[in-house]
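Asker:
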Amino acid sequence: MLANSSENCCVVDLATIHSINNYGLVTLVALHRIANKNGCKLYLINLNDSVKYYLELTGLDRKFNIKQNVKNVKYKPGSKLNFCSHTVNQDKEILQSGLTH
0 MLANSSENCC VVDLATIHSI NNYGLVTLVA LHRIANKNGC KLYLINLNDS VKYYLELTGL
60 DRKFNIKQNV KNVKYKPGSK LNFCSHTVNQ DKEILQSGLT H
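Numbering-wise (numbering that gives the first Met the number 0), the sequence shown opens with residue 0 and increments by one.
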């Protein structure tokens, strides 16, 4: 998911996530830290109102780069754009612990 380049972006698509709990929030914070450590800018896209509400309630909306969709993600031409979704097998085990669809 992550690569060592300051120009790389990691995008977490939450389109099918209807709810989030504390485990899901902790998972997103951990992903954010891992991305930063590896020089990637993490974006959350396609959030529904419930997920947005909990991010705002906890103040995490100010920590994350939240965009409406992938078209709004800004990255440099030639840089790598990585996607992460809970529907991908390797991410499913991690994200299902705190995200419900």
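Beta carbons are placed, not taken as given, at the ideal position from N, Cα and C, and that holds for glycine.
So the alpha helix (DSSP H) residue 33 belongs to, where does it begin and stop?
Answerer: Here residue 33 corresponds to residue number 34 of the sequence shown, with the count starting at 1. Per DSSP, residue 33 belongs to the alpha helix (DSSP H) from 21-36.
Asker: Would you mind sorting residue 52 into buried or exposed? The rule is 16 or more other CB atoms within 10 Å of its CB.
Answerer: Here residue 52 corresponds to residue number 53 of the sequence shown, with the count starting at 1. Counting Cβ neighbours within 10 Å, residue 52 comes out exposed, since fewer than 16 surround it.
Asker: Which value, in whole angstroms, describes the spacing of the CA atoms of residue 55 and residue 68?
Answerer: Along the sequence shown, read from residue 1 onward, the residue named residue 55 stands at position 56. Along the sequence shown, read from residue 1 onward, the residue named residue 68 stands at position 69. When rounded, the distance between both Cα atoms is 18 angstroms.
Asker: What three-state label does DSSP hand residue 56 in the structure shown?
Answerer: Position 57 of the sequence shown holds residue 56. Reduced to three states, the DSSP call for residue 56 is helix.
Asker: Assuming residue 44 contacts residue 72 under a Cβ cut-off of 8 angstroms, what Cβ separation, rounded to an integer in Å, is found between them?
Answerer: As a first step, residue 44 must be located in the sequence shown, where it is residue number 45. As a first step, residue 72 must be located in the sequence shown, where it is residue number 73. Contact flag correct, Cβ pair sits at about 7 angstroms.
Asker: Quick one: grab the DSSP three-state call for residue 10.
Answerer: Against the sequence shown, residue 10 aligns to sequence position 11. Reduced to three states, the DSSP call for residue 10 is strand.
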